[in-house]
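Here's the structure, in structure tokens; my notes come after.
Printed below as a string of structure tokens:
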């Protein structure tokens, strides 16, 4: 008798079965399994992995003994039964990220998750050595989320040939829109696992406009879109670190209507038993400022707002409008490329991240420095050259020390502040440079007031035993934050 | 026989008459004069100046011989006739400023007027020595427009006693809402003339909320508002350098409705034969970003948009929405006071002015440095301490050299640019810092391309003989503008 397989909570159980390889198994064969634990039941869809191999992946979320039984229209695949043990999660496995209240995120085990994302749209489409370099860079970076595309990217600085595609076929010969390339997905899955091991959430972009008809992934018909989406969901849904970003700059995809986006969202919702995070990211036309068009984030199938906007101070508007956590996934990138979205200084990048965070939002990093081989982080990964990551890391550390149930404090007039009244305050002054500010603190407690140089990454003044109406000596210079902590 | 009086074009002819001083002449006596030139006729309303003195002021706009005849319900004032000669304007007198097309301003004589304004809300309510200091400072400043209030101001850093008021009365005894104080107006008029001599337009704020019931000027009844407004228009309309700003932060004046503002605008329009510029300035609530409320600037009685907003990059939205010139009259001030609107750096102030200008808008300066006697420029005038005025002057010089019919060039993607296609381009990069940019210039002409350090106020690179597709070496640092001029 075989030893029972042990899968940790929020790990991945994978059942491999052999079945029909004739006809088109991607289309012809249905495969599901019902997973059961103590009266609880989850029906999970499997997928064809080529060469007569079928797989069903399952992420158990309860510790204990699970059983399963397969269902299929192929007799070889139907009626398979088995069981496994779900154990306590290992260190560093906190489960998938979920929304907490209307402002924040939390891992399934209750650990706070503050997204400090970065952007490498097409890093998994690069040569292997470059992908390895990206992984090494990520390992020593402050980032715990990455925005990345499933489809390859055809865009400035990123027009090279791509070798592997989700569909079978090639750029020159065209694609078979009825079958997938398991090799493509196997590589992507390897990357997802590597990210998972580093504690990085993969904000997977399911559609994007950076194709322009070169391969046609931006203009597949509705049946093909749906077919692709269901396959992706069956293959990747059991990775705990996956988020679904329906699209990047969805409004630039002229071939799709708003009704298409609604339909695609519903397909994701119906085919993801784990309720991973779901969002859709807008584009902005900078030249006339009138075409910024958000998808209606109030739809119940949108879990949080994934926004592109250069003015992160608008976070409060969006939160009031949508009542969901705000992630500003693009606010310009640190760099020096000609394009306006990719040439702000590291200092400005850091300001936007701090400003967003102290407004109760989260702001995603990206880097776009001109590179002799066009190895630009934002598109291809590789190395980071900028000045913002270490400052973002400094903020991440500060936030890790904040009380986990902090909220925005809009009643503190005209300085963005997060905290808990009478306990903790984190304010950001950014390009505002008052000589001083006053704050009303409780009379019956004492506080430590620290003025932080957010660029220099150090505390420039620290006053203890403060109480009541306090004067904060911001100092009349920019790039300052203030942390006020109740003393024990 | 007396020598005929000579008044220059857009100068001020003033007729003084003696009439009834009993009863309430402000309410009881009507006085007008019909001014005639070569078949042209203008009816001008006079005003009571106290002590039985009545005046009619007239700004002639055509050179030649004018005659007049008075009309009044008081027999002593009726039927007076006379004449004067209107001569060519003296140097520096270009007439009143008007709107030109939907983007710019022009003096009545066709000279371009680019507003480079500043803000000294209550400078005429300060002690005489401080007012003189303000005038000296303005004399050596780059500013050609000043935002200033008729009513005194009761606000942070500006809560002192005021001596003179438009109405008779005092803070302690209250005001007689049926009579005016000619002494108050005489002083204001002296200031208006001094500004005029310096080429500075007075953007006169007719109502504002910084009273809060202390004197009651923010909550007069509709009849009193109208009475006040008509008196102001009769007294001040003939000053060529007057603009009418209906209100500052009109939306913070809780006692007035939108219908009130419409009515007040119509009174101004009907009682100003010279068609001075008319606008109304909004407030912003910075803490939740949802209460920015513009008056509907599409109303025909609004000549241009007087906007308060921190994000001057939105100029194109407003122009598309309102089809009128955009003046961003508050975008935060250079300074270091605790309030968010008054503590950006000089560098940031300069960035906003440049950014607005290269988007075809205009941005008004203000300064709010903490001062031991609270002599803060933005409220009281006095001295300027900041770093932005000389940089604003540098921009003003650059703009003075631009072709006068420049327009915004939104087709030049994602760098704000004004100019004339194939002739002249002025671009501002600000906090965007590309290493390089390309621009398509005509093949059949040659151009000079200058990269300008907007903070250092010098040209950092200058390439001549450029043609066709050109690479602009912006240099990967911030605070850069580019000027491209067709060579003769």
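Protein chains in written order, with the numbering used here: chain A, 1 to 488; chain B, 1001 to 1488. Each residue gets a CB set at the ideal place from its N, CA and C atoms; glycine is no exception.
A straight line joining the alpha-carbon of residue 1169(B) with that of residue 1229(B) spans about 18 Å. For the stretch 1365 to 1395 of chain B, the beta-carbon criterion of a distance under 9 Å to any beta-carbon of chain A is satisfied by 1369, 1370. Here the alpha carbons of residue 43(A) and residue 71(A) stand approximately 10 Å from one another. The stretch 1004 to 1013 of chain B makes no contact with the stretch 1129 to 1145 of chain B; the number of CB pairs closer than 8 Å stays below 3. The beta-bridge partner set that DSSP reports for residue 1149(B) consists of 1205(B). Per DSSP, the continuous alpha helix (DSSP H) segment holding residue 261(A) begins and ends at 258 to 270.
For residue 156(A), the nearest beta carbon of chain B is not closer than 8 Å to its own beta carbon. Restricting attention to 180(A), 162(A), 179(A), 178(A), the CA atom closest to the CA of residue 172(A) is found in 162(A). The residues 1192, 1202, 1204, 1236, 1276, in chain order, have a CB closer than 7 Å to that of residue 1242(B) in the same chain once the five nearest residues on each side in sequence are set aside. Look at residue 1433(B): its C-beta is under 8 Å from a C-beta on chain A.
By the Cβ test, the stretch 86 to 96 of chain A is in contact with the stretch 53 to 73 of chain A, since at least three Cβ pairs between them sit closer than 8 Å. Between the stretch 238 to 253 of chain A and the stretch 270 to 284 of chain A, the count of C-beta pairs closer than 8 Å reaches three or more; the two stretches touch. Its Cα nearest to that of residue 1263(B), the residue 1301(B) stands out among 1127(B), 1301(B), 1138(B), 1233(B). When rounded, the separation of the alpha-carbon atoms in residue 328(A) and residue 1267(B) is 47 Å.
Distance check between residue 1015(B) and each of 1351(B), 1250(B), 1129(B), 1035(B) places 1035(B) closest, using alpha-carbon atoms only. Out of 1164(B), 1151(B), 1238(B), the CA that lies nearest to the CA of residue 1212(B) is found in 1151(B).
Taking 8 Å as the upper bound for CB-CB distance, residue 1265(B) and residue 1299(B) are in contact here, some 7 Å apart.
Leaving aside the five residues that flank residue 200(A) on each side, the residues in its chain whose CB is nearer than 8 Å to its CB run, in chain order, 138, 143, 144, 145, 146, 241.
Between residue 1325(B) and residue 1103(B) the beta-carbon gap is near 6 Å, inside 8 Å, which marks them as a contact. By the C-beta criterion, the stretch 468 to 476 of chain A is judged to be in contact with the stretch 421 to 439 of chain A, since at least 3 inter-stretch pairs fall below 8 Å.
Out of 127(A), 109(A), 386(A), 134(A), the CA that lies nearest to the CA of residue 120(A) is found in 134(A).
Flagged as an interface residue toward chain A: residue 1415(B), by a C-beta distance shorter than 8 Å.
Proximity of residue 476(A) to chain B, defined by a Cβ-Cβ separation below 8 Å, is satisfied.
Between residue 1336(B) and chain A, the shortest Cβ-Cβ separation is below 8 Å. The C-beta of residue 1065(B) has fewer than 16 other C-beta atoms within 10 Å across all chains shown, which makes the residue exposed. Any Cβ of chain B closer than 8 Å to the Cβ of residue 223(A) would place that residue at the interface, and such an atom is absent.
Against chain A, the CB of residue 1339(B) has a partner CB under 8 Å away; the residue lies at that interface. Across the stretch 254 to 273 of chain A, no CB contact with chain B closer than 8 Å is found for any residue.
A Cβ of chain A is located within less than 8 Å of the beta carbon of residue 1348(B). Using a Cβ-Cβ cut-off of 8 Å, residue 345(A) is close to 1431, 1433, 1478 of chain B, given in chain order.
The residues 333, 335, 368, in chain order, have a CB closer than 6 Å to that of residue 342(A) in the same chain once the five nearest residues on each side in sequence are set aside. An exposed status is given to residue 413(A), since fewer than 16 other beta-carbon atoms sit within 10 Å of its beta-carbon. Straight across, the Cα-Cα distance linking residue 123(A) with residue 307(A) is about 21 Å. The criterion of a C-beta distance shorter than 8 Å is not satisfied by residue 1311(B) and residue 1428(B). Within chain A, the residues 338 have their CB atoms less than 8 Å from the CB of residue 1437(B), given in chain order. Interface flag for residue 311(A) against chain B is set, since a Cβ pair is found closer than 8 Å.
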